[in-house]
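Counting from 1 along the sequence shown, just add 574 to a position and that's the residue number in my numbering.
Have a look at the structure below before the remarks.
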Amino acid sequence: MISLTISKTKLPNATTRVCLPHDKRVKARVRVTLEDGRDAGIFLERGEVLSGGDTLVSEDGVVVEVMEEKETVSVVQIDDALQLAKACYHLGNRHVGLQISDNQLCYLHDHVLDDMLRKQGYTVKTCMMPFTPESGSYGHSHHGDDHHEHTHHHAD
């Protein structure tokens, strides 16, 4: 099995690729099958998250490009900022991972959540696309973002 770690520098010409869903891109240790059929283990520092276009390398020179796998995602288009905030609030209150842009939010498909939003008047569509949710207060990545510690308290 090939052992892969994330490359801190851009490397030319990947030897092969690996296509991963979100849940595998956030794991510190995961076994995968590369596009060329070889087995590999990905070993990340705790808190590192893989994104499409990242490069993994082995000690013996194997270079692997990370691809984001398409997943079944629920998509809600909302042009009103207040309504977008309300939908995000309701889903965030249920600790749902959200991918948020100017006028849409996406989450891994869940028919119960779809029904909840429809009852509140939102239009929910399902599509296949890569899912890259917000990292949240505790999220970390290797992309050089400035992260600060945050406290989070729940009422008793």
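Every residue, glycine too, gets a C-beta built ideally from N, C-alpha and C.
Since we're looking at a predicted model, the values are computed, not measured.
Three or more beta-carbon pairs separated by less than 8 Å link the stretch 655–662 to the stretch 676–693, which places the two stretches in contact. In the three-state reduction of the DSSP assignment, G666 falls in the helix class. Remark: C-beta atoms of V636 and T589 approach each other more closely than 8 Å.
Of the candidates V647, G627, E645, the residue whose Cα lies closest to the Cα of V638 is G627. Below 8 Å, too few C-beta pairs join the stretch 643–653 and the stretch 601–610 to call them touching: fewer than three.
Close CB contacts of F617 within its chain, under the 8 Å cut and outside five residues either way in sequence, are with S577, L578, T579, A602, R603 (chain order). Contact annotation, E643 with P595: C-beta distance approximately 4 Å; criterion of less than 8 Å satisfied. A straight line joining the alpha-carbon of D684 with that of S581 spans about 34 Å. Comparing C-alpha distances from V631 to each of M690, V592, F705, Q694 shows the shortest one belongs to V592.
The alpha-carbon of L682 is positioned some 7 Å away from that of F705.
The criterion of a C-beta distance shorter than 8 Å is not satisfied by V670 and L691.
For A661, the three-state secondary structure derived from DSSP is helix.
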